[in-house]
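>
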Amino acid sequence: MLLGFVICAIFADSIAPHDPLEMDLMSPFQKPGSPGHLLGTDNFGRDILSRLIYGSRISLTVGLVVVSIAAVLGSTLGLLSGYYGGAVDILVMRLVEVFAAFPFLILAVAVMAVLGPSIYNVMLVLGLVNWPIYARLVRSQVLTLRETPFVEAAKATGCSNGRIMFLHILPNCTSSLTVTAAMSIAGAILATAALGFLGLGVQPPTPEWGMMLNEGKDFLRRAPHMITYPGVAIMLIVLSLNFIGDGLRDALDPHLRS
Amino acid sequence: MLTYLVRRVLIAIPVLLGITFITFALLHLTPGDPVRIMLATEQVTPEVAERLTEFYSLDKPWYVQYGRYLGNLLRGDLGVSITSRADIAASIANRLPNTILLAVSSMILALLIALPVGIISATHRNSIADYVSLTASMIGVSMPSFWLGLLLLLQFGLAWKILPIWGVGRLSNGLWDFISHLILPSVTMGTGLAALLARLTRASVLEVLTQDYIRTARAKGLKERIVLYRHALRNAIIPVITAAGLQLGYLLGGAVIVESIFSWPGLGRLTIQAIQKRDLPVIQISTLVFAIAFVLVTLLVDVLYTFIDPRIRYD
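Dropping the structure here:
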């Protein structure tokens, strides 16, 4: 299923039956199944199916970028904090606590409100809000790995601290990082849609699923299909990512193997 | 115990300070002169602009500004809204109870669904009931609350017209008025949580059932029901309660969405309205209140935890 979304995202130009931005003011609110518009049209007569297909491109890109920002920032800080301990550790962990003290969406909403809505700000803000999970995760693993014989061996052979951290310790954290990343792409896509729904995310006329819901909610009675399909798309992509995350965890986490 | 409590509270203080600093910095992330931006939509006399500059000490260096901000907070002076001129402290006090009401009722609803479903799922592992509940909970976790909210609103509010879709009910109009207004927002907010907690309950019960003392209890010849209810559940429930407590904080965050769908007069809607009007002081303070509420809930859960689970000794 996820593969389907990825294909849609990559080949949106050739799959989509219409231009997602093309307006046809003569035929707004076409019901699903009407000729030429499988899922109907919205208030501007734009083809909903095409908008959904292009929307998968936005959601997947934003999800990936957000998780990359958060994972790189979080794991670096987690590595430093776990490896050096002491003052660095205290500083980073206090920072983690402060960021984690905000309900995630509230902080994102507030920052977006101040910075102004745009797709780049969405990526930046969600990335910056999401890093503490990775920092905590990597730090806890570093704390145990630091004491292992192979790290001692690396130290004894004169490896620099940077080399030990990034070439010896970090690769041992990848399995749990992968699981968390898979799960948090789902979270990032939901959050992007939530911001879009609140009108604080990607701006019109870009076809983003959350924003399509936001536009559809003004026409609930007249065109319920305007909110049905974007919601289904969000749910399916999140569902497939969650299944993948679950599967990865079962496969990679030795504790659960029994 | 007491030392643990004191320490736990002391740890919360730097976190609270950090929160105030971030909300303070929010105002300064805005490109340009905050006062000018705040007042962009209004005709402003120089005196008003001066009073605002004075209140936020915008002509002073940032550490003086931050000190003033903290001082004002501690004295309970949260400033006034720049669009409605209303006292922010008063509007927060008006709306916070509504948000808490919504969060608590969603939590109760979620637990009422999650606990039985999770327990049945675990005790009848790999049965049809287990598969159905696992699938349903996976869908529940993946469903965006704003979409669920719109669908419920459309079906129960607009199509069948059996439930109100707008605002908060008053007890003075009878119990039904009060409850009926709560139903749709609570279901919207509680579904994802119920799904999450059901999965957790299932995992937790399954884990406890493999413990030695359960085997002992069974070996004694106790009835399976007694083993389950008296021995297993007591322990299995602890992680679920903790998670539920922590999720209460996230529910507060979800309030932004649910409250704006159902026009629920709570803190989340206040925030969104402030954002639409670019009312920076209100955005700043409501973000702060959300974060403080979150920290307090987490603190409370930690403390309660020591009472629920006597095995935990903090020293």
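Chains as they are written, first to last, in my numbering: chain S, 13 to 270; chain E, 1243 to 1557. Backbone N, C-alpha and C fix where the C-beta goes; we use that ideal spot for every residue, glycine too. Source: prediction; values computed, not measured.
#1: Does chain E have any CB closer than 8 Å to the CB of S:G67?
#2: Under 9 Å between beta-carbons, which chain E residues line up against S:I233? List them in chain order, please.
#3: Just how far apart, CA to CA, sit E:I1255 and E:I1479?
#4: For E:Y1492, go through chain S and note every residue whose CB falls closer than 9 Å to its CB, in chain order.
#5: Using a C-beta cutoff of 8 Å, does S:R106 count as contacting chain E?
#6: For the alpha helix (DSSP H) containing E:I1360, name the first residue and the last one.
#7: Which value, in whole angstroms, describes the spacing of the CA atoms of S:R158 and E:I1264?
#8: So is E:V1374 buried or exposed if we call it buried at 16+ other beta carbons inside 10 Å?
#9: State whether the region 1310 to 1326 of chain E contacts the region 1510 to 1522 of chain E, with contact taken as three or more CB pairs (one from each stretch) at a distance under 8 Å.
#10: Across the region 1421 to 1432 of chain E and the region 1385 to 1392 of chain E, are there enough close Cβ pairs to call them in contact, namely three or more that are closer than 8 Å?
#11: Cβ of S:P44 less than 8 Å from any chain E Cβ?
#12: Can you tell me which of E:L1470, E:V1383, E:S1387 puts its alpha carbon nearest to the alpha carbon of E:T1452?
#13: Check the Cβ-Cβ distances between E:T1529 and every residue of chain S, and say whether any is below 8 Å.
#14: Say whether chain S places a C-beta atom closer than 8 Å to the C-beta of E:L1538.
#15: For S:G213, count the other beta carbons within 10 Å of its own beta carbon; 16 or more makes it buried, fewer makes it exposed. Which is it?
#16: With a threshold of 7 Å on Cβ separation, who are the neighbours of E:F1536 within its own chain once the five nearest residues in sequence on each side are excluded?
#17: I need the straight-line Cα distance from E:L1395 to E:T1529, nearest angstrom please.
#18: By how many angstroms is the C-alpha of S:A263 removed from the C-alpha of S:R269?
#19: Between the Cα of E:D1315 and those of E:T1548, E:V1543, E:I1527, E:L1541, spot the shortest distance and give me the residue it belongs to.
#20: Would you verify that the beta carbon of E:P1507 is, or is not, closer than 8 Å to some beta carbon of chain S?
#21: Answer with yes or no whether the minimum CB distance from S:E295 to chain E is below 8 Å.
#22: So for E:V1322, helix, strand or coil by DSSP?
#23: Please decide whether E:G1260 counts as near chain S, where near means a Cβ-Cβ distance under 8 Å.
#24: Could you check whether S:L225 and S:A120 sit closer than 8 Å to each other, using their CB atoms as the reference points?
#25: Tell whether a beta-carbon distance below 8 Å holds between S:M13 and S:L202.
#26: Provide the residue(s) that pair with S:T53 in DSSP beta bridges, ordered along the chain.
#27: Terminal residues of the continuous alpha helix (DSSP H) containing S:P217?
In terms of the structure at hand:
#1: Not a single CB atom of chain E sits nearer than 8 Å to the CB of S:G67.
#2: A small fix is needed here, since residue 233 of chain S is Arg in this sequence, not Ile. Correct list: L1396, L1400, A1401.
#3: 30 Å
#4: The answer, in chain order, is P115, F116, L117.
#5: yes
#6: Residue 1360 of chain E is actually Gly in this sequence, not Ile. E:G1360 -> alpha helix (DSSP H) spans 1330 to 1365.
#7: 33 Å
#8: exposed
#9: yes
#10: With the cut-off at 8 Å, the region 1421 to 1432 of chain E and the region 1385 to 1392 of chain E touch.
#11: False, the Cβ-Cβ gap to chain E never drops below 8 Å.
#12: E:L1470
#13: yes
#14: no
#15: Per the 10 Å Cβ criterion, buried.
#16: Excluding its 5 nearest sequence neighbours in each direction, E:F1536 has C-beta neighbours in its own chain below 7 Å: G1491, L1494, listed in chain order.
#17: 27 Å
#18: Annotation note: pLDDT 46 at S:R269 (below 50); position unreliable, no value reported.
#19: Sequence inspection shows Leu at residue 1315 of chain E; the Asp mentioned does not correspond to that position. E:L1315 has its Cα closest to that of E:I1527, out of E:T1548, E:V1543, E:I1527, E:L1541.
#20: For E:P1507, the answer is no, since every Cβ of chain S falls outside 8 Å of its Cβ.
#21: Because chain S here runs from 13 to 270, residue 295 of chain S falls outside it and cannot be looked at.
#22: Strand at E:V1322.
#23: yes
#24: no
#25: In this structure, S:M13 sits away from S:L202, with a CB-CB distance that is not shorter than 8 Å.
#26: S:D59
#27: Premise fails: S:P217 is in no alpha helix (DSSP H) and is neither H nor E.
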